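Sequence positions in the sequence shown follow the numbering used here and run 28 to 146.
Where a beta carbon is used, it is the ideal one built from N, C-alpha and C, also for glycine.
Note that this is a predicted model, so its numbers are computed, not measured.
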Amino acid sequence: MHYSQDDISTGERLRGIRESMKMNREEFSEKIDITDSFLGQIERGERALSVKTLRKVVRYTGISADYLLFGKETNNQTIQKINNILAVNSEETKDFIYQIVMYSNDFCKKITNDRNSIE
């Protein structure tokens with residue numbers, strides 16, 4: 028059977044993304060709503076990503092379609108890093124997220140109060 032080099036490269040990038048998120052095939056495939064055997068076929072370049080599956084991967088990982096399909100680096104690498112941080116289920120991560128939310132709320136309140144005092 029002949030496999031496309033493009034499909035093999037895309038599969039390798041997808042495997043790298045999944046592994047960087049510290050997920051096995053079963054966990055990752057569940058998140059993007061495909062079977063783990065289908066994910067394995069994609070990662071090995073035996074099957075191509077459908078548009079539907081590509082959308083699911085992009086939405087779940089925050090990776091750009093350009094990177095996944097063509098290996099082009101984009102600004103979405105920052106989004107990937109954030110998603111990787113959020114994928115870690117630890118008390119430290121939860122505390123970090125909580126602090127961000129609290130500071131954001133305080134900042135929004137300050138802006139609202141500043142605007143109200145000007146008016």
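Coarse secondary structure for residue i, derived from DSSP in three states
| i | result |
| --- | --- |
| A75 | coil |
| D60 | coil |
| K137 | helix |
| I44 | helix |
Nearest-angstrom Cβ-Cβ length linking residue i and residue j, presumed shorter than 8 Å
| i | j | result |
| --- | --- | --- |
| R40 | L81 | R40 to L81, Cβ: 12 Å. No contact. |
| Y87 | K58 | 5 Å |
| G38 | G89 | That pair is no contact at about 19 Å. |
Contacting residues, own chain, Cβ-Cβ under 7 Å from residue i (five flanking each side not counted)
| i | result |
| --- | --- |
| S36 | G98 |
| K83 | I59 and D60 |
| E53 | D63 |
Classification of residue i by the beta-carbon crowding that lies within 10 angstroms, buried from 16 upward
| i | result |
| --- | --- |
| V78 | exposed |
| F134 | exposed |
| I69 | buried |
| I44 | buried |
Residues of its chain near residue i, where Cβ-Cβ distance is below 6 Å and the 5 sequence neighbours each way are ignored
| i | result |
| --- | --- |
| L66 | R52 and S56 |
Residue i beta carbon near the ligand MG (any heavy atom closer than 7 Å)
| i | result |
| --- | --- |
| N51 | Here there are no bound small molecules, and the ligand MG is not part of this structure. |
Interface flag, residue i vs chain C, CB-CB below 8 Å
| i | result |
| --- | --- |
| G38 | Among the chains in the structure shown there is no chain C, since it carries only a single protein chain. |
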